Amino acid sequence: MARLILNLDNQVLAEYNMMKERYTIGRLPDNDVRIDNPTVSGHHSLIINILNDSFLEDLNSTNGTYVNGKLIKKHALQHGDVITVGRHQLRFVDNAADGEEQDDFAQTMVLSKSDMPGNIHAAAAGREAPPQGRPSPPAGTNAKIQVLNGTFAGREVQLNKALTTMGQPGVQVIAITRRGDGYQLVQVENAPGREPPKVNGEPIGQQARRLNDNDVIELVGIKMGFFVD
3 MARLILNLDN QVLAEYNMMK ERYTIGRLPD NDVRIDNPTV SGHHSLIINI LNDSFLEDLN
63 STNGTYVNGK LIKKHALQHG DVITVGRHQL RFVDNAADGE EQDDFAQTMV LSKSDMPGNI
123 HAAAAGREAP PQGRPSPPAG TNAKIQVLNG TFAGREVQLN KALTTMGQPG VQVIAITRRG
183 DGYQLVQVEN APGREPPKVN GEPIGQQARR LNDNDVIELV GIKMGFFVD
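Start counting the sequence shown at 3; every next residue gets the next number (the numbering used here).
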């Protein structure tokens, strides 16, 4: 079953499981994927699902339908295609290929201890976060990281371990620790000359940072949200 992930300005707005044969995209309320924006026509585009194939068609929209930056009239959708409708993007995810991508995501972003230089546990434990205005959620609370932009937009990582490491070894790596008083993030590795990882636009620095609900983490060019269920 294919999916559509709706984005605006690198923020995931909605996700649609494509269980029907036809899906209309447009501004009016009768569309399957409604995008209430003046740059979107009333009935802008149509997706037809035939067995394992999906086909996109522009419905003579005012501003056109684009796939991967190119104006189209009709297009056979492929896994990872990005459809642009007005100011919004819809990423087409083919679940038949999604498992391979999830493996790639796990290998590049979520790292095992053996991937990492040095003793991460010691580094994370040795840098206490300074007090902040908002309390961090208790560690018993369910928390997750969700990718907000790029190829893996919409991907989620459950923070159900005492230590979760993310990034690319030799480039940039962070660690998120789950403690009794909440979750903390620490920079483990950052290549010389590279901008450091950030939280809400501010560099993390050498001290651990306490995470709060809806914080935005920037790591190797990827924005990720920290969310508490």
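Backbone N, C-alpha and C define an ideal beta-carbon position, used for all residues, glycine too. None of the values given here were measured: they were computed from a predicted structure.
Cβ-Cβ separation, residue j to residue i (assumed contact under 8 Å), whole Å
i	j	result
V222	Q174	5 Å
Q189	I176	6 Å
L48	R24	7 Å
H81	L61	Contact flag wrong, Cβ pair sits at about 24 Å.
N216	G207	The Cβ separation is near 21 Å, so there is no contact.
V35	T67	About 12 Å; that fails the 8 Å criterion.
L92	L150	Actually they do not touch by this definition, with Cβ atoms about 15 Å apart.
I85	V69	6 Å
E17	G152	That belief does not hold up - the Cβ atoms of E17 and G152 are roughly 16 Å apart, past 8 Å.
Counterpart residues of residue i in DSSP-defined beta bridges
i	result
V173	The partner list for V173 (beta bridge, DSSP) is empty, contrary to what the question assumes.
P40	Answer is none; P40 lacks a bridge partner.
F154	According to DSSP, F154 bridges with nothing at all.
T86	Y68, Q91
A145	V230
D11	None, per the DSSP bridge assignment.
A4	D96
N192	Q174
K163	For K163, which the question treats as bridged, DSSP gives no partner whatsoever.
L187	I178, R211
E204	V201
L30	DSSP lists no partner for L30.
Candidates the options: closest to residue i by CA position
i	options	result
D83	N65, G182, G66, S56	S56
S43	T26, L58, N54, I52	T26
E220	R93, L92, E204	E204
I52	M226, G71, A78, N62	A78
Q13	V230, R212, F154	F154
E197	N216, R211, L6, I224	I224
N144	I85, V230, P194	V230
Q170	E191, L161, T179, L58	E191
K22	K200, A4, R157	A4
L58	D38, M20, R89	M20
Q160	K76, N33, N54, K146	K146
K200	D38, V218, G156, K76	V218
R211	I37, P194, T179, N39	T179
I37	N65, T64, D11, R89	R89
G172	A193, R181, G152, R157	A193
T41	S63, N54, N33, D32	S63
G184	L213, L15, I74, N65	L213
L15	Q148, L73, N65	Q148
Host beta strand (DSSP E) of residue i (start-end)
i	result
A78	76-78
S56	55-60
E23	Per DSSP, E23 belongs to no beta strand (DSSP E) and is neither H nor E.
L218	As written in the sequence, residue 218 is Val, which differs from the Leu given in the question. Segment 217-221, the beta strand (DSSP E) holding V218.
L48	47-52
Chain B within 8 Å of residue i, Cβ atoms only
i	result
E23	The displayed structure is made up of one protein chain only, and chain B is not part of it.
Does the region 28-40 come into contact with the region 159-169, if we say contact requires no fewer than three beta-carbon pairs (one atom in each stretch) closer than 8 Å?
no
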